[in-house]
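Report on one structure; see the data block that follows.
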Ligand SMILES: Nc1ncnc2c1ncn2[C@@H]1O[C@H](COP(=O)(O)OP(=O)(O)O)[C@@H](O)[C@H]1O
Ligand SMILES: [Mg+2]
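Chains as they are written, first to last, in the numbering used here: chain A, 15 to 441; chain B, 54 to 271.
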């Protein structure tokens, strides 16, 4: 059958029953719209979890010492252990971390981005190998500047988010951004604490200066150069030989499981709390998305049944017409193609309309959320993620539902016996 | 033009079991003949016509129409035969609603590769005297005109054989006469016509009459 003729006959049949065609397409559109909408939402929320709430670097392994000291070097994180970790297969680089074991506070009294602030906070500091956060350092060099000099500090991106969305509004403090913060300097008093008794070392006072903000920055505290942490510990007679953690950069995420096993064999532990939380959150999103996608698939299935029903009826009422086509030369396959062609148009229309509807709804919700929903930490600009394949999937599934529904009616139509339907009276 | 030998056709009719409608029919129709097949209602006239027209392939025996042996042909080959070698006209006109006269006549072109289908369709319509009703929809035509459009559709591919099943059955006396006159004219132009009927009017116009009874021709 010629495709121009096929198109013409399909158009003729569809135009004769516009309402039926519309309702068949509409069913598919609803199913596809809901599917595309929920998949985009699921992908979008998963992205927020992955990139903002738990920005876990899949190729990073956090090693921490064992709670128990085991034998000779078991469980301890000294330089020797770090060297062995660096030499593990699949490890590209090892970044040492050392927490400062000296209590500290910051007592801030002065101008804070246009507001007068008096505030005292307890300071927790961790020193890291400078390369660990180098990419996020925007001001000067992230190295130990020596006794009495200002200490370069890297802040945590997530801390700013939490500050902006919950801490600051409640205290009418100004909103901060990473760029604003860089250059900000604040006093640090070592060997002072609001909470605990101090170790009794000498009280010293320096300043900290923010030089960058990083996802790798410590969430509940400040990140400073490793040498600074060592120096502070040493001058306060605290342990400056053992590290509080080592971040191992794997060659690729697929090397991580092997590295984890080797680390455990060394008597060390892996801190996978963040990773686990990320995985749990990701799994929750995935399960919800799958459930909604399944529901949408059911709607599509119903739409397919609807099309099957509608086309069966249409084939019955058009029996004679299909018979006359057979009489003037249509093969069984031509009749099959004719009925399937109608369904394809319905499926295409439904798939395109449904996908468009879903994208419009997503855009509308993002707009409403931006305007009406108050800020909360990690509130994204969009709750949706629409990869290139998603609209294609929507239209494809619309077509599939239509073909699925049309298959049996089309087959029945192709088997109409023209001799039976054409003889005798009746129009 | 048509050669039938030992043609049998039976239907499975549930309660009554197998019913043999055609029982060894033998028939020869030379080119240019206008044959009328008569018989009581239910005698198998339509069944015979469907076999000749390639609409029914569940028969036994030998059937050759316009040079094509029909026994054992595939669906594709039979469809091509219907498309090109014969034209069929029914009691009900079976025009496609929503298509104009020209488009209805050109319907066979949907299933064949062919140049300029609509100018061919116009020629066919002129041949049956409807050159002035090309764009009319079926609903805007009288019964006689509809049947003439159906005849034009059957003639679209200029077949050698025209098969008609009670072609005047739905027409009043006057329009029936017009259609019969058309058949005579087409027959005069060399077209072989087989018309199944129980109407005297059509029988009288034919050049030969055979009658079907008890599954056989006489
Ligand atoms: N598809 C069919 N299935 C079963 N019986 C049929 C079928 N078509 C026709 N018949 C039977 O075959 C006989 C001949 O039918 P038909 O050829 O239509 O006769 P006519 O055209 O002479 O009236 C009738 O008894 C009819 O009931
Ligand atoms: Mg009959």
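Even for Gly, the Cβ is constructed at its ideal location relative to N, Cα and C.
Remember, predicted model here, so these are calculated numbers, not experimental data.
| Residue-level contact to chain A via CB, residue 164 of chain B, 8 Å cutoff | Here residue 164 of chain B refers to the residue found at position 111 when the second chain is read from its first residue. Yes - at least one Cβ of chain A is within 8 Å of the one on residue 164 of chain B.
| message | Does residue 109 of chain B pass the burial test, meaning 16 or more other C-beta atoms within 10 Å, or should it be called exposed? | response | Here residue 109 of chain B is taken as the residue at index 56 of the second chain, counted from 1. With 16 or more Cβ atoms within 10 Å of its Cβ, residue 109 of chain B is classed as buried.
| task | Specify, as a first and last residue, the run of the alpha helix (DSSP H) that residue 261 of chain B falls within. | result | Here residue 261 of chain B refers to the residue found at position 208 of the second chain. No alpha helix (DSSP H) contains residue 261 of chain B, which is instead part of the beta strand (DSSP E) from 261-266.
| DSSP state of residue 115 of chain B mapped onto helix, strand, coil | The count along the second chain starts at 1 and reaches residue 115 of chain B at position 62. DSSP places residue 115 of chain B in strand when its eight states are reduced to three.
| query | Using the C-alpha atoms, what's the distance from residue 403 of chain A back to residue 75 of chain A? | reply | Along the first chain, one-based indexing puts residue 75 of chain A at 61. Along the first chain, one-based indexing puts residue 403 of chain A at 389. Going from the Cα of residue 75 of chain A to the Cα of residue 403 of chain A covers about 32 Å.
| query | Are the beta-carbon atoms belonging to residue 146 of chain B and residue 193 of chain B less than 8 Å from one another? | reply | Taking the second chain and counting its residues from 1, the one referred to as residue 146 of chain B is at position 93. Taking the second chain and counting its residues from 1, the one referred to as residue 193 of chain B is at position 140. The answer is no: Cβ separation not under 8 Å.
| query | Helix or strand or just coil, what does DSSP make of residue 57 of chain A? | reply | Indexing the first chain from 1 puts residue 57 of chain A at position 43. If DSSP states are grouped into helix, strand and coil, residue 57 of chain A belongs with the helices.
| Between residue 125 of chain B and residue 232 of chain B, what straight-line distance do the alpha-carbon atoms span, to the nearest angstrom? | Translated into positions along the second chain, residue 125 of chain B becomes position 72. Translated into positions along the second chain, residue 232 of chain B becomes position 179. Rounded to the nearest angstrom, the two C-alpha atoms are 35 Å apart.
| said: Assuming the contact rule is C-beta atoms closer than 8 Å, residue 42 of chain A and residue 368 of chain A should be a hit. Round their C-beta distance to whole Å, please. | reply: Residue numbering aside, residue 42 of chain A sits at position 28 when the first chain is read from its first letter. Residue numbering aside, residue 368 of chain A sits at position 354 when the first chain is read from its first letter. That pair is a contact at about 6 Å.
| request: With a threshold of 16 other CB atoms inside 10 Å of the CB of residue 131 of chain A, please say whether the residue is buried or exposed. | output: As a position in the first chain, residue 131 of chain A is number 117, starting the count at 1. The residue is exposed, with fewer than 16 neighbouring Cβ atoms inside 10 Å.
| query | Roughly how many angstroms lie between the CA atoms of residue 431 of chain A and residue 342 of chain A, to the nearest whole one? | reply | Indexing the first chain from 1 puts residue 431 of chain A at position 417. Indexing the first chain from 1 puts residue 342 of chain A at position 328. So the two alpha carbons sit approximately 14 Å from each other.
| said: Quick check on this structure: which residue in B:111, B:268 and B:212 has the alpha carbon closest to the alpha carbon of residue 433 of chain A? | reply: Along the first chain, one-based indexing puts residue 433 of chain A at 419. Ranking the options by Cα distance to residue 433 of chain A, first place goes to B:111.
| residue 437 of chain A Cβ short of 7 Å to ligand 1 heavy atom set | Residue mapping note: residue 437 of chain A aligns to position 423 of the first chain, counting from 1. For ligand 1, at least one heavy atom lies less than 7 Å from the Cβ of residue 437 of chain A.
| said: Measuring straight from C-alpha to C-alpha, what distance separates residue 258 of chain B and residue 244 of chain B? | reply: Taking the second chain and counting its residues from 1, one reaches residue 258 of chain B at position 205. Taking the second chain and counting its residues from 1, one reaches residue 244 of chain B at position 191. So the two alpha carbons sit approximately 14 Å from each other.
| said: ligand 1 and residue 337 of chain A: does any heavy atom of the ligand fall closer than 7 Å to the residue's C-beta? | reply: As a first step, residue 337 of chain A is located in the first chain; it is residue number 323 there, counting from the start. No, the beta carbon of residue 337 of chain A sits no closer than 7 Å to any heavy atom of ligand 1.
| Hey, which residues come within less than 6 Å of ligand 1, measuring from Cβ to any heavy atom, in chain order? | A:434, A:437, B:64, B:66, B:74, B:92, B:94, B:95, B:96, B:97, B:98, B:99 and B:100
| Beta carbon proximity, residue 437 of chain A to chain B, threshold 8 Å | By one-based count along the first chain, residue 437 of chain A stands at place 423. Residue 437 of chain A counts as touching chain B.
| field | Within the region 83-159 of chain A, ranges of the alpha helix (DSSP H) (whole runs, at least 4 residues) | value | 93-100
| query | Taking the alpha-carbon positions, what's the residue 272 of chain A to residue 103 of chain A distance? | reply | Here residue 272 of chain A corresponds to residue number 258 of the first chain, with the count starting at 1. Here residue 103 of chain A corresponds to residue number 89 of the first chain, with the count starting at 1. Between residue 272 of chain A and residue 103 of chain A, the C-alpha separation is close to 8 Å.
| field | Cβ-heavy atom distance, residue 219 of chain B to ligand 2, below 7 Å | value | Your numbering for residue 219 of chain B matches position 166 in the second chain. Under cutoff, so the answer is yes.
| task | Check residue 246 of chain B in the structure and name its three-state DSSP category. | result | Within the second chain, numbered from 1, the residue matching residue 246 of chain B stands at position 193. Of the three classes helix, strand and coil, the one that applies to residue 246 of chain B here is strand, per DSSP.
| said: Please report whether the beta-carbon of residue 11 of chain A lies at a distance below 8 Å from any beta-carbon of chain B. | reply: Given a span of 15 to 441 for chain A in the structure shown, any question on residue 11 of chain A remains unanswerable.
| said: Less than 8 Å between the C-beta atoms of residue 372 of chain A and residue 408 of chain A, yes or no? | reply: Residue numbering aside, residue 372 of chain A sits at position 358 when the first chain is read from its first letter. Residue numbering aside, residue 408 of chain A sits at position 394 when the first chain is read from its first letter. Cβ atoms of residue 372 of chain A and residue 408 of chain A: closer than 8 Å.
| said: Between the alpha carbons of residue 317 of chain A and residue 338 of chain A, how many angstroms are there, rounded? | reply: Along the first chain, read from residue 1 onward, the residue named residue 317 of chain A stands at position 303. Along the first chain, read from residue 1 onward, the residue named residue 338 of chain A stands at position 324. Distance between the alpha carbons of residue 317 of chain A and residue 338 of chain A is about 30 Å.
| query | Can you give the Cα-Cα distance for residue 125 of chain A and residue 308 of chain A, rounded to whole angstroms? | reply | Numbered from its first residue, the first chain carries residue 125 of chain A at position 111. Numbered from its first residue, the first chain carries residue 308 of chain A at position 294. Roughly 55 Å separates the two Cα atoms.
| query | Do residue 147 of chain A and residue 228 of chain A have their C-beta atoms closer together than 8 Å? | reply | As a first step, residue 147 of chain A must be located in the first chain, where it is residue number 133. As a first step, residue 228 of chain A must be located in the first chain, where it is residue number 214. Taking 8 Å as the Cβ cut-off, residue 147 of chain A and residue 228 of chain A qualify as a contacting pair.
| Contiguous alpha helix (DSSP H) assignments of at least 4 residues, all confined to the region 172-237 of chain A | 192-195
| field | Inter-stretch contact (C-beta, 8 Å, three-pair minimum) for the region 353-362 of chain A and the region 69-89 of chain B | value | no
| request: Give, in chain order, every residue of the region 331-353 of chain A whose Cβ lies closer than 9 Å to some Cβ of chain B. | output: 334, 335, 337, 338, 339, 340, 341, 342, 343, 344, 345, 346, 347 and 348
| query | What is the rounded straight-line gap between the Cα of residue 198 of chain A and the Cα of residue 182 of chain A? | reply | Here residue 198 of chain A is taken as the residue at index 184 of the first chain, counted from 1. Here residue 182 of chain A is taken as the residue at index 168 of the first chain, counted from 1. Their Cα atoms are separated by approximately 17 Å.
| message | Quick check: what's the CA-CA separation for residue 73 of chain A versus residue 264 of chain A? | response | Here residue 73 of chain A refers to the residue found at position 59 when the first chain is read from its first residue. Here residue 264 of chain A refers to the residue found at position 250 when the first chain is read from its first residue. Taking the straight line from one Cα to the other gives about 5 Å.
| Can you give the beta carbon distance from residue 182 of chain B to residue 223 of chain B, rounded, assuming they're within the 8 Å contact cut? | Residue mapping note: residue 182 of chain B aligns to position 129 of the second chain, counting from 1. Residue mapping note: residue 223 of chain B aligns to position 170 of the second chain, counting from 1. No, residue 182 of chain B and residue 223 of chain B are not in contact; Cβ-Cβ is about 19 Å, not under 8 Å.
| query | Can you list the beta strand (DSSP E) stretches of 3 or more residues lying completely in the region 133-192 of chain B, in chain order? | reply | 139-142
| message | Determine, for residue 129 of chain B, whether the minimum Cβ-Cβ distance to residues of chain A falls below 8 Å. | response | Taking the first residue of the second chain as 1, we reach residue 129 of chain B at position 76. Taking Cβ atoms only, chain A reaches closer than 8 Å to residue 129 of chain B, which makes this a yes.
| Residue interval of the beta strand (DSSP E) (run including residue 252 of chain B) | Locating residue 252 of chain B in the second chain gives position 199, where the first residue counts as 1. Segment: none, residue 252 of chain B is in no beta strand (DSSP E) and carries neither H nor E.
| Taking Cβ-Cβ distances below 7 Å as the criterion, which residues of the region 423-436 of chain A are in contact with chain B? | 432, 433 and 436
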